[in-house]
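> Below you'll find the structure I mean.
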Amino acid sequence: MSNLAARLKARIKQWLAVSGELFQAASVKQPLLRREMAALREAIRADMPDNPVLAGYKIYSQTDEDGILAEIFRRVGDGGRLFVEIGCGDGTENNTHALLLAGWRGTWIDAGREKIGRIAASIPLRSERLHVVHAAVTRENAAGLVTDEMRGAPELDLLSVDIDGNDLHVLREIVATVHPRVIVSEYNGKFPPPLALTMAYDPNHRWAGDDYHGASLQALADALAGYRLVACNLSGANAFFVRDDLAGAFTAYPIEALYQPARIHLIQWRVGPPSSLKFLRDALRR
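Start counting the sequence shown at 130; every next residue gets the next number (the working numbering).
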């Protein structure tokens, strides 16, 4: 065996050993994450037994958003089952993939060209039930993009916004024109109520991976007049708002009680094997 082949073989063996250790560590971590989430739910149940976060589960969402949305729409009804998700990623982890599998229709929008490319490699970017749009959403174009993607529908059932920056600025423009029944927005879980903080608007913003992004929960709640905050997910990443005319289906809890702090480690929770777009591909063909 040549020296090059021997070194290559040794490197592969080392890589396999490291991969095995990482897999084992991840596998050990999962029961701990599940226990932590169960304990958090029990603590919430004691004080807020009607909080939709208690129904949380994960299919394709980052953590428990899929179950929270299912519970919210169980209470308010699905309506026309139309969504727009701004910041959809590559489609394998977002707030509306599971809804598409349940028969909803809508639009994914993302500024990441590579992410859109990964989607295009698995499913068509235009189909009867899903439009995939490559666009950087700004304060200037947000309302027009959402209105166009409603495709003449009288109402938008769900708006999801997660762009790691100008979320609140974009939301303000959209809700001034469109009045979605339900809104999911990323919030900056570092800052508890009553701190009302919002990053300065910058159409060219790119998140630097630090704490300067988005808006605090209080800032979102203050800005979304006509909506009631009904839940925050356990990882402290997403807040769920329901339009006032539908909010009677939810107990009104104080924002301080609904607030969940940033628990970034919970995004490591996994359910089953790695996600793909293959079931969605099959669903869109039908």
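Heads up, the beta-carbon is just placed ideally off N, CA and C, and yes, glycines get one too. Small disclaimer: the values here were computed from a predicted structure and weren't measured.
1) Can you give the Cα-Cα distance for P309 and T221, rounded to whole angstroms?
2) State yes or no: is the C-beta of N367 within less than 7 angstroms of the C-beta of E243?
3) Let me know the secondary structure DSSP gives F408 once reduced to three states.
4) Quick one: Cα of V313 to Cα of G232, how far?
5) Kindly indicate which three-state DSSP category V400 falls into: helix, strand or coil?
6) Would a C-beta distance cut-off of 7 angstroms place T192 and S404 closer than the cut-off?
7) Within the continuous beta strand (DSSP E) that includes F370, where are the two ends?
8) D296 and V304: beta carbons closer than 7 angstroms?
9) For L353 versus Y316, is the C-beta spacing smaller than 7 angstroms?
10) Mind checking P397: buried by the 16 CB within 10 Å criterion, or exposed?
11) Let me make sure I understand the geometry here. Which of V266, A227 and D219 has the alpha-carbon closest to that of I252?
12) Taking the straight line between their C-alpha atoms, what separation do you get for R399 and R163?
13) If you follow the beta strand (DSSP E) that E385 is in, where does it begin and where does it stop?
14) Restricting to runs no shorter than 4 residues, where is the alpha helix (DSSP H) found entirely within the segment 177-222?
15) Three-state secondary structure (DSSP) at A250?
16) Out of G206, V205 and H226, which has the shortest C-alpha to C-alpha gap to L215?
17) Contact between the segment 382-396 and the segment 167-184 is defined here as three or more beta-carbon pairs at a separation below 8 angstroms; is this criterion met?
18) Quick one: grab the DSSP three-state call for G343.
19) For I245, which residues in the same chain have their Cβ closer than 7 angstroms to its Cβ, ignoring the five residues on either side in sequence?
20) Is it true that the CB of G241 sits closer than 7 angstroms to the CB of L211?
21) Compare the Cα-Cα distances from D419 to each of G281, V311, I173 and D293 and report the closest residue.
22) Looking at the unbroken beta strand (DSSP E) that takes in T306, where does it start and where does it end?
23) Put E315 into one of helix, strand or coil per three-state DSSP.
24) Need the endpoints of the alpha helix (DSSP H) that G273 sits in, please.
25) From the DSSP output, in three-state form, read off I245 for me.
26) Can you give me the Cβ contacts of L198 inside the same chain, cut-off strictly under 6 angstroms, excluding the 5 residues immediately before and after it?
27) Between N362, T380 and Y356, which lies nearest to D374 when the distance is taken from Cα to Cα?
28) Return the residue from the list V299, E302, I188 and L413 that minimises the CA-CA distance to P402.
29) Here's the rule: buried if 16 or more other CB atoms are within 10 angstroms of the residue's CB, otherwise exposed. What is T380?
Considering the structure as presented:
1) Here residue 309 is taken as the residue at index 180 of the sequence shown, counted from 1. Here residue 221 is taken as the residue at index 92 of the sequence shown, counted from 1. Whole-angstrom Cα-Cα distance: 24 angstroms.
2) If you number the sequence shown from 1, residue 367 lands on position 238. If you number the sequence shown from 1, residue 243 lands on position 114. 7 angstroms or more divides the Cβ of N367 from the Cβ of E243.
3) As a working mapping, residue 408 is identified with position 279 in the sequence shown. Three-state DSSP puts F408 in a helix.
4) As a position in the sequence shown, residue 313 is number 184, starting the count at 1. As a position in the sequence shown, residue 232 is number 103, starting the count at 1. Cα to Cα, the separation comes out at about 19 angstroms.
5) Position 271 of the sequence shown, counting from 1, holds the residue named residue 400. In this structure, DSSP gives V400 a state outside helix and strand, which the three-state scheme calls coil.
6) Counted from its first residue, the sequence shown places residue 192 at position 63. Counted from its first residue, the sequence shown places residue 404 at position 275. No, the Cβ-Cβ distance between T192 and S404 is not below 7 angstroms.
7) Position 241 of the sequence shown, counting from 1, holds the residue named residue 370. For F370, the enclosing beta strand (DSSP E) has its first and last residue at N367 to R372.
8) By one-based count along the sequence shown, residue 296 stands at place 167. By one-based count along the sequence shown, residue 304 stands at place 175. In this structure, D296 keeps its C-beta atom at 7 angstroms or more from the C-beta atom of V304.
9) Here residue 353 refers to the residue found at position 224 of the sequence shown. Here residue 316 refers to the residue found at position 187 of the sequence shown. No, these two residues do not count as a Cβ contact at 7 angstroms.
10) Working through the sequence shown from its first residue, we reach residue 397 at position 268. The sequence shown places Gln at residue 397, rather than the Pro named in the question. Exposed.
11) By 1-based counting over the sequence shown, the position of residue 252 is 123. For the options V266, A227 and D219, the alpha carbon positioned closest to that of I252 is the one of D219.
12) As a working note, residue 399 is residue 270 in the sequence shown. As a working note, residue 163 is residue 34 in the sequence shown. Straight-line Cα distance between these residues: approximately 9 angstroms.
13) Within the sequence shown, residue 385 is the residue found at index 256, counting from 1. Careful: E385 lies outside any beta strand (DSSP E), inside the alpha helix (DSSP H) at I384 to L387.
14) DSSP runs (the alpha helix (DSSP H)) wholly in the segment 177-222: 194-205.
15) Position 121 of the sequence shown holds residue 250. In the displayed model, A250 falls within coil according to three-state DSSP, outside both helix and strand.
16) Locating residue 215 in the sequence shown gives position 86, counting from the first residue. Residue identity differs from the one stated: residue 215 is Ile in this sequence, not Leu. Taking I215 as reference, the option from G206, V205 and H226 with the minimal CA-CA separation is H226.
17) Below 8 angstroms, enough C-beta pairs join the segment 382-396 and the segment 167-184 to call them touching: three or more.
18) Translated into the one-based positions of the sequence shown, residue 343 becomes position 214. Here DSSP, grouped into helix, strand and coil, assigns G343 to coil.
19) Here residue 245 is taken as the residue at index 116 of the sequence shown, counted from 1. Excluding residues within five positions, the ones whose Cβ falls inside 7 angstroms are D239, V261 and H263.
20) The sequence position of residue 211 within the sequence shown is 82, counting from 1. The sequence position of residue 241 within the sequence shown is 112, counting from 1. Between L211 and G241, the gap from beta carbon to beta carbon reaches 7 angstroms or more.
21) In the structure as shown, the chain begins at 130 and stops at 415. Residue 419 is therefore absent and cannot be evaluated.
22) If you number the sequence shown from 1, residue 306 lands on position 177. T306 -> no beta strand (DSSP E), and no H or E assigned at all.
23) By one-based count along the sequence shown, residue 315 stands at place 186. Looking at E315 - three-state DSSP - the assignment turns out to be strand.
24) In the sequence shown, residue 273 corresponds to position 144, counting from 1. Run containing G273: A271 to E278, per the alpha helix (DSSP H) assignment.
25) By 1-based counting over the sequence shown, the position of residue 245 is 116. When secondary structure is reduced to three states using DSSP, I245 falls in the helix class.
26) Indexing the sequence shown from 1 puts residue 198 at position 69. There are no such residues.
27) The count along the sequence shown starts at 1 and reaches residue 374 at position 245. Of the candidates N362, T380 and Y356, the residue whose Cα lies closest to the Cα of D374 is Y356.
28) Position 273 of the sequence shown, counted from the first residue, corresponds to residue 402. The residue with the shortest Cα to Cα distance from P402 is I188.
29) For the purposes of this step, residue 380 is taken as residue 251 along the sequence shown, with counting starting at 1. Its Cβ having fewer than 16 others within 10 Å, T380 is exposed.
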